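Asker:
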Amino acid sequence: MPRVFAIANRKGGVGKTTTTVNVATAMAATGKKVLVIDLDPQGNASTSMGVDKKGSMASSYEVLIGEAKLSQAVVWTEVPNFSIVPSSPDLAGAEIELVDMDNREYALKKALVKDAVNYDYVLIDCPPSLSLVTINALVAADAVIVPLQCEFLALEGITDLIKNINIIKKKFNPKLALHGVVLTMYDKRNNLTQMVEDDVRQFFGKKVYNTVIPRNVRISEAPSHGKPVLIYDFKCPGSQAYISLTGEVLRREKELIAC
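Residues 429 to 687 (this note's numbering) make up the sequence shown, in order.
Have a look at this one:
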C-alpha cells in the first residue's frame, strides 16, 4: 500500500492545492509513482494539471459513492509518474449521498485499499471544510500536511483542524498523524509574517517544516497554464521552495520508516 497524505486546512486560500500538485510533481521527479486525488468540488488541482473536467469521465465523486473503481477515474498527466483522479462539482452534494451509506467514513479508504497498490504516494487535496468528504480523506490518510498562510486568522483555523485530527484519530483512524505544517505566502518583509512564524514554530516545534513557501507571482500564474509551477518556471523561488519542501517530506518519511 502507498503512503497516503491528506493536504488539509479548514481555511480556504492557504495553498492546499498548490502544495498538493507541486509536492506531487517533485516526488514524481524523484521516480516515485504518485497519485493525486482531487476531493475539492472546485477542482483546482485538476485545473492546475491541465485536466479537462468536461465530458463523461469518472471522477473522485463516483469513486467516493462507489459507482466507479479508483482505477477507472485515474487520468495520466504530462508529468511522468504523476496521475490524478479529477474532481467533480457533484462532490458538493456527496455528503447527502454518503449519509445513508454503511461505514460512510471509510468509503475512500476502501477504494484505495482495493485499487491503489501500484503507487508509492497518494496525496489528497481536501476541501476547505470538515465535511464527510474531508473526514473520508482523513480516515484514509496515514498523515496530514497542513499548509498555513502567514496571517493571524489562519492561526484560528489550524487550532480547530488539530482538534478535528485528534477526533478522527480517536474514533476512526488510530494511525493518523500530523506530518508537518508548511508556512505559505511567506513575505519576510512583513512583520506579521515573522510574528505568525514565531507563534507557529513555538507551538508545533519540529512539526513545522524548515522550508517556507514565498509569495511568488509565478506560483499564482502557473494554474492558468494548466501546469504546476515546477513545470511552468522551474527556476523561480516558488519552484525551488517546493523542491526543498518535498526533500524535507521525503526525509521525514525515511526517519519514520527507520523508527
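C-beta atoms are modelled at their ideal positions from N, C-alpha and C, and glycine is treated no differently.
Bear in mind the structure is a predicted one, so any value in this text is a computation, not a measurement.
To which residues does DSSP link residue 608 through a beta bridge?
Answerer: 573.
Asker: In angstroms with no decimal places, state the Cα-to-Cα distance between residue 462 and residue 573.
Answerer: Using only the alpha carbons, I get a separation of about 16 Å.
Asker: How would you write the range of the beta strand (DSSP E) that residue 549 sits in, first residue to last?
Answerer: Start and end: 549-553.
Asker: Who are the Cβ neighbours of residue 472 in its own chain at under 6 Å, not counting the five residues just before and after it?
Answerer: Counting only Cβ-Cβ distances below 6 Å, and skipping sequence neighbours, we find 445.
Asker: For residue 630, count neighbouring Cβ atoms within 10 angstroms of its own Cβ and tell me buried if that reaches 16, exposed if not.
Answerer: It counts as exposed.
Asker: Quick check on residue 660: does DSSP put it in helix, strand or coil?
Answerer: If DSSP states are grouped into helix, strand and coil, residue 660 belongs with the helices.
Asker: Once you ignore the five residues that flank residue 640 on each side, which residues in its own chain have a CB closer than 6 Å to its CB?
Answerer: Closer than 6 Å at Cβ, skipping near neighbours: 611 and 614.
Asker: Enumerate, from N- to C-terminal direction, the unbroken alpha helix (DSSP H) stretches of 4 or more residues contained entirely within the stretch 581-649.
Answerer: Runs of the alpha helix (DSSP H) inside the stretch 581-649: 619-632 and 645-649.
Asker: Span of the beta strand (DSSP E) holding residue 442?
Answerer: Per DSSP, residue 442 belongs to no beta strand (DSSP E) and is neither H nor E.
Asker: Which residues bound the beta strand (DSSP E) around residue 462?
Answerer: Element bounds for residue 462: 462-466.
Asker: Please determine, among 543, 460 and 516, the residue with the shortest C-alpha to C-alpha distance to residue 498.
Answerer: Nearest C-alpha to residue 498: 543.
Asker: Are there 16 or more other CB atoms within 10 angstroms of the CB of residue 580, so buried, or fewer, so exposed?
Answerer: By the 10 Å Cβ count, residue 580 comes out exposed.
Asker: Compare the C-beta of residue 500 against all C-beta atoms of chain E and say whether one is closer than 8 Å.
Answerer: The structure shown contains no chain E, having only a single protein chain.
Asker: Taking DSSP as the reference, what is the three-state secondary structure of residue 436?
Answerer: Residue 436: coil per DSSP, three-state reduction.
Asker: Kindly give me the distance between the Cβ atoms of residue 474 and residue 512, rounded to whole angstroms, as I take these residues to be in contact under 8 Å.
Answerer: Residue 474 to residue 512, Cβ: 7 Å. Contact.
Asker: How many angstroms separate the CA atom of residue 535 from the CA atom of residue 569?
Answerer: About 12 Å.
Asker: Going by Cα to Cα distance, which pick from 685, 684, 683 and 678 is closest to residue 454?
Answerer: Closest by alpha carbon: 678.
Asker: Going by DSSP in three states, residue 512 sits in which element: helix, strand or coil?
Answerer: The answer is strand: DSSP assigns residue 512 an E or B state.
Asker: Specify, as a first and last residue, the run of the alpha helix (DSSP H) that residue 394 falls within.
Answerer: In the structure as shown, the chain begins at 429 and stops at 687. Residue 394 is therefore absent and cannot be evaluated.
Asker: The alpha helix (DSSP H) with residue 561 in it runs from where to where?
Answerer: Element bounds for residue 561: 560-568.
Asker: Looking only at C-alpha atoms, which of 649, 514, 520 and 510 sits nearest to residue 469?
Answerer: Ranking the options by Cα distance to residue 469, first place goes to 520.
Asker: Are there 16 or more other CB atoms within 10 angstroms of the CB of residue 466, so buried, or fewer, so exposed?
Answerer: Looking at its Cβ environment, which holds 16 or more other Cβ atoms inside 10 Å, residue 466 is buried.
Asker: Taking just the CA atoms, how far does residue 651 sit from residue 662?
Answerer: Going from the Cα of residue 662 to the Cα of residue 651 covers about 14 Å.
Asker: In terms of residues, what are the limits of the alpha helix (DSSP H) holding residue 535?
Answerer: Run containing residue 535: 535-543, per the alpha helix (DSSP H) assignment.
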